[in-house]
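Residue numbers (this note's numbering), protein chains in the order written: chain F, 583 to 903; chain X, 583 to 903.
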C-alpha cells in the first residue's frame with residue numbers, strides 16, 4: 583500500500599470532538615465502516631460519537647460495539663470538530679443526521695459511490711474500492727492504528743456484504759489481501775456467516791418461493807420485474823427491508839440483463855431497486871428517476887402509484903435494453 | 583508457505599507418462615484441480631492425459647482447456663508412470679477411471695476430505711484445506727511452476743465453489759491470500775461469476791420456488807427435508823445435478839440444524855444429500871448410511887424406495903438432533 587498523502591486521521595487529536603455518521607437504512611457496509619472507524623478512532627481520541635438515524639437492524643446486532651451507537655437526539659447540537667460521513671453518496675441520504683454534519687466544523691466524506699457529490703470539506707472518494715470498509719481499512723492501516731478482532735469483524739462484514747461474498751466485479755486482488763489480513767485476527771466467520779446468511783426466518787424463505795413463482799419476464803427475456811404490493815408484506819408478515827434480497831435471484835436468471843424490484847411503500851410512493859448483470863449501467867437509470875447508486879446496483883423512489891411507477895421504469899429501461 | 587518436504591511433482595520428469603483423474607459427478611473443485619494441475623504438469627512434462635468419467639458438465643465449460651479432457655476408453659490401458667488422483671476420498675468414487683489407477687505404477691492421492699482412505703502410494707491429505715484446488719496451488723507454487731491466467735482460473739473456480747463463495751468455515755486467511763495472488767493474474771471473475779451463479783435457467787428458478795413452498799420441517803424446527811420424486815424432474819425438465827443446490831436454502835433457515843435432500847433416482851435408489859449448519863457432523867451420518875463427505879456437507883446412496891429411505895435418514899438424525 584502506498585503511503586496516503588493526507589490521511590484524514592491526522593486531523594484528529596486526543597481531545598477532538600468527533601462524530602461518525604452514515605446513510606439512512608444502513609446496510610452491512612455502512613454499519614461495518616461506521617463501527618469499524620468508530621472503534622479505531624476511540625484508540626486515538628476520547629470523544630467519539632457514532633450515530634445512526636434508524637433503529638439498529640436486528641440482523642447486524644452481532645457486530646461488536648453496536649450498543650455504542652446512539653440515536654440522534656436534537657440536544658446533540660453541540661458542534662463537533664470533525665464529522666466523518668461514511669458510505670453516503672449524497673447529503674440527502676443522511677436523514678436527520680444531516681444536522682450533525684451542519685453542526686460540525688470539518689466534514690470528512692469517505693465513500694466508494696461513483697455518484698458521490700463531494701459534499702465534504704475533505705472528500706476521499708474511490709469508486710474502485712469494493713466497499714467503504716475497504717477504504718477504512720486503508721485509512722486505519724496507513725495511520726498505523728492497531729487493528730483488533732472487533733474492528734476486523736466490522737470491516738469484514740462490510741466487505742463481504744458489499745461484494746456479494748467476494749463475487750461482484752468490485753472485488754479485487756487487494757480486497758482478498760485485506761480479508762486475508764483481517765482473518766489473521768481470528769474473526770469468527772462462522773458467526774458472521776450464520777448471522778448474515780444462515781438465519782433466515784421461514785416466512786422470508788416462503789416469500790422468496792412465492793416471488794420466484796410470480797416473476798414478470800419481458801423485453802425478450804432481458805428484464806425481470808418483481809412487484810411487491812403493500813398487502814403482500816402483511817400476508818407474509820415482513821418488513822420492507824426483508825424484501826430487498828429477492829431481486830438478486832431475478833438478476834441471476836439466464837438471459838436476464840436487468841432485474842427490478844418495485845416496492846409499494848404507500849399509495850403514491852414506490853421504492854425501486856435495480857440490478858444489472860453485465861453491460862447496462864443502472865446508476866444512470868436510477869439517476870434519471872431521481873435516485874443513484876452503482877453501475878450494477880442502484881435505487882430510486884417514485885412518487886406515484888405502482889402501475890404508474892412500473893410504466894416509468896419500463897420506459898427508462900426500453901432505451902438501454 | 584513452508585517448503586514442502588516431498589513435493590510429488592519431483593517424481594515427474596519430461597518423459598513421464600502421467601494421468602490426472604478425479605471423482606465421478608465432477609464438481610467445481612474436482613474439475614478445477616484436475617485441469618489446474620493438468621495445465622501445470624504440461625509445463626514440465628510431455629505426456630499428460632486428463633480424464634473424467636462423465637460428460638463434461640456444461641456449466642463448467644468456461645474452464646480453460648476443458649477440451650483437453652478425455653473420456654476414458656478401454657484402449658487407454660497402457661500403463662502410466664504416475665497417476666494423480668484428485669479430490670477423491672475413496673477409490674470407489676473413481677468409477678471407470680479406477681482402471682487407470684490400476685494401470686499406473688505410482689498413485690498420488692491429493693485430497694482434502696477427512697474421510698480419505700489413503701489409497702495411494704503417496705497420500706497428500708489435508709482436511710484443513712478449503713479445497714483440493716488450494717492444495718494444488720501449494721504444490722505448484724512450491725515446485726516453482728509458473729502460474730498463468732488459465733491455471734489461476736481453474737484453481738479459483740474450485741476454491742470459490744468449495745467454500746460457498748468464501749463463507750464456509752473451511753475458508754481461512756490462507757485461502758484469501760491465495761485468491762489474492764490468483765487474481766493478480768487477471769482472471770475474469772465477471773465471467774466466472776456469470777457462469778457459476780448468474781446464468782440459471784428459468785426452470786431451475788421456478789423449481790426452487792416450488793421446493794421452498796413444499797419443505798418438510800420437523801424435529802422442533804431443526805430438520806428440513808426436501809423430497810424430489812423422479813416425476814418432478816420431468817415436470818420441471820431438470821436433470822439430477824440441477825437439483826442439488828436447493829438444499830442450501832433449506833439449511834439457511836432460522837433454527838434449522840440439518841437439511842436433507844432425498845432424490846429418487848430409481849424405484850429402489852435414493853441419493854441423499856446432507857448439510858449441517860453448526861454442531862452436527864453429517865459426514866458421520868452419511869458414513870452410517872454407506873456414504874461420506876465433510877463435517878457440514880455429505881452424501882450417501884440408499885437402495886430403497888423413497889419412503890423407506892426417508893425413514894432411515896430420520897432414524898439416523900434422531901440420534902444427533
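All C-beta atoms in this analysis are idealised placements derived from N, C-alpha and C, irrespective of residue type, glycine included. Since the structure is predicted, the reported quantities are computational estimates derived from the model, not experimental observations.
For residue 630 of chain X, three-class secondary structure by DSSP = Counting from one through the second chain, the residue named residue 630 of chain X turns up at place 48. Shown here, residue 630 of chain X sits in a strand according to DSSP, grouped into three states.
Could you name the residues of the same chain whose beta carbon sits closer than 8 angstroms to that of residue 700 of chain X, not counting the 5 residues immediately before and after it, in chain order?
-> As a first step, residue 700 of chain X must be located in the second chain, where it is residue number 118. 691, 707.
Short CB-CB distance (under 8 angstroms) between residue 639 of chain F and chain X = Here residue 639 of chain F corresponds to residue number 57 of the first chain, with the count starting at 1. So, not an interface residue.
Boundaries of the beta strand (DSSP E) in which residue 694 of chain F is found, first to last residue = Counting from one through the first chain, the residue named residue 694 of chain F turns up at place 112. Residue 694 of chain F -> no beta strand (DSSP E), and no H or E assigned at all.
Is the segment 813-820 of chain X in contact with the segment 872-880 of chain F, if contact means three or more CB pairs nearer than 8 angstroms?
-> no
If we count the other Cβ atoms within 10 Å of its Cβ and call it buried at 16 or more, is residue 660 of chain X buried or exposed?
-> Position 78 of the second chain, counting from 1, holds the residue named residue 660 of chain X. Looking at its Cβ environment, which holds fewer than 16 other Cβ atoms inside 10 Å, residue 660 of chain X is exposed.
Interface positions of the segment 755-769 of chain F facing chain X (Cβ-Cβ less than 7 angstroms), listed along the chain | 755, 758, 759, 761, 762, 765, 766
Inspect the CB distances between the segment 841-848 of chain X and the segment 877-894 of chain X and report whether three or more fall short of 8 angstroms.
-> yes
Have a look at the DSSP bridge pairing and note the partners of residue 876 of chain X.
-> The sequence position of residue 876 of chain X within the second chain is 294, counting from 1. Paired residues: none, contrary to the question.
Contacts of residue 859 of chain F in chain X (Cβ-Cβ under 8 angstroms) = For the purposes of this step, residue 859 of chain F is taken as residue 277 along the first chain, with counting starting at 1. Under the 8 angstroms cutoff, chain X gives 776, 780.
Residue from F:860, F:639, F:675 with nearest C-alpha to residue 773 of chain X | Translated into the one-based positions of the second chain, residue 773 of chain X becomes position 191. Of the listed residues, the one whose Cα sits closest to residue 773 of chain X is F:860.
In chain F, which residues lie with their C-beta within 7 angstroms of the C-beta of residue 794 of chain X?
-> In the second chain, counting from the first residue as 1, residue 794 of chain X sits at position 212. Going along chain F in sequence order, the residues near residue 794 of chain X (Cβ under 7 angstroms) are 787, 788, 790, 791.
What does residue 771 of chain F touch in chain X if you count any residue whose Cβ is under 8 angstroms from its own?
-> Taking the first residue of the first chain as 1, we reach residue 771 of chain F at position 189. By Cβ distance, chain X contributes 749, 751, 753.
For residue 825 of chain F and residue 847 of chain F, believed in contact at Cβ under 8 angstroms, the rounded distance = As a position in the first chain, residue 847 of chain F is number 265, starting the count at 1. As a position in the first chain, residue 825 of chain F is number 243, starting the count at 1. 11 angstroms between Cβ atoms; not a contact.
DSSP state of residue 773 of chain X, grouped into three classes?
-> Working through the second chain from its first residue, we reach residue 773 of chain X at position 191. Three-state result, residue 773 of chain X: helix.
Among residues of its own chain, excluding the 5 on either side of residue 628 of chain X, which ones have a beta-carbon nearer than 8 angstroms to its beta-carbon?
-> For the purposes of this step, residue 628 of chain X is taken as residue 46 along the second chain, with counting starting at 1. 596, 597.
What in chain X is Cβ-close to residue 835 of chain F, meaning under 7 angstroms?
-> Taking the first chain and counting its residues from 1, one reaches residue 835 of chain F at position 253. Those are 782, 784, 787, listed as they occur along chain X.
Please confirm if the segment 646-657 of chain F is in contact with the segment 610-622 of chain F, defined as three or more CB-CB distances below 8 angstroms between the two stretches.
-> yes
Of the residues F:799, F:737, F:682, the one placed nearest residue 654 of chain F, counting alpha carbons only = Locating residue 654 of chain F in the first chain gives position 72, where the first residue counts as 1. The residue with the shortest Cα to Cα distance from residue 654 of chain F is F:682.
Proximal residues to residue 767 of chain X (C-beta, below 7 angstroms), its chain only, five neighbours per side dropped = Position 185 of the second chain, counting from 1, holds the residue named residue 767 of chain X. The answer, listed in chain order, is 729, 730, 731, 734.
So residue 801 of chain F packs on residue 903 of chain F, CB below 8 angstroms; how close in whole Å?
-> On the first chain, position 219 is the one that residue 801 of chain F refers to. On the first chain, position 321 is the one that residue 903 of chain F refers to. Correct: roughly 5 angstroms between the Cβ atoms.
Got a sec: is the Cβ-Cβ distance from residue 831 of chain X to anything in chain F below 8 angstroms?
-> By one-based count along the second chain, residue 831 of chain X stands at place 249. At least one C-beta of chain F is nearer than 8 angstroms to the C-beta of residue 831 of chain X.
Given residue 608 of chain X as reference, the closest of X:643, X:828, X:587, X:807 once Cα atoms are compared = The residue you call residue 608 of chain X lines up with position 26 of the second chain. With distances taken between Cα atoms, residue 608 of chain X lies closest to X:643.
Three-state secondary structure (DSSP) of residue 881 of chain F | Position 299 of the first chain holds residue 881 of chain F. Of the three classes helix, strand and coil, the one that applies to residue 881 of chain F here is strand, per DSSP.
Element boundaries [alpha helix (DSSP H), containing residue 731 of chain F] | Counted from its first residue, the first chain places residue 731 of chain F at position 149. Start and end: 731-744.
For residue 800 of chain F, which beta-bridge partners are listed by DSSP?
-> Translated into the one-based positions of the first chain, residue 800 of chain F becomes position 218. DSSP, once it has assigned bridges, lists F:805 as partnering residue 800 of chain F.
Can you give the beta carbon distance from residue 762 of chain F to residue 759 of chain X, rounded, assuming they're within the 8 angstroms contact cut?
-> Counting from one through the first chain, the residue named residue 762 of chain F turns up at place 180. Counting from one through the second chain, the residue named residue 759 of chain X turns up at place 177. Right, their Cβ atoms sit about 4 angstroms apart.
Taking the runs of the alpha helix (DSSP H) that are 4 residues or longer, which of them lie wholly in the segment 595-625 of chain F?
-> 610-624
On the DSSP bridge assignment, give the partners of residue 704 of chain F in chain order.
-> In the first chain, counting from the first residue as 1, residue 704 of chain F sits at position 122. According to DSSP, which records beta bridges pairwise, residue 704 of chain F is partnered with F:690.
Just curious, the alpha helix (DSSP H) that residue 890 of chain X is in, first and last residue?
-> By 1-based counting over the second chain, the position of residue 890 of chain X is 308. 888-900 is the extent of the alpha helix (DSSP H) around residue 890 of chain X.
Thinking C-alpha only, which one of F:610, F:830, F:884 is nearest residue 778 of chain F?
-> Start at 1 with the first residue of the first chain, and residue 778 of chain F comes out as number 196. When only C-alpha atoms are compared, the closest one is F:610.
Where do the N-terminal and C-terminal ends of the beta strand (DSSP E) with residue 857 of chain X fall, by residue?
-> For the purposes of this step, residue 857 of chain X is taken as the residue at position 275 of the second chain. Segment 851-858, the beta strand (DSSP E) holding residue 857 of chain X.
Simplified DSSP state of residue 725 of chain F, which is helix, strand or coil = Locating residue 725 of chain F in the first chain gives position 143, counting from the first residue. Residue 725 of chain F falls in the coil class under three-state DSSP.
In the DSSP assignment, find the alpha helix (DSSP H) that holds residue 867 of chain F and state where it starts and stops.
-> What you label residue 867 of chain F is simply residue 285 of the first chain in a count that begins at 1. Run containing residue 867 of chain F: 864-870, per the alpha helix (DSSP H) assignment.
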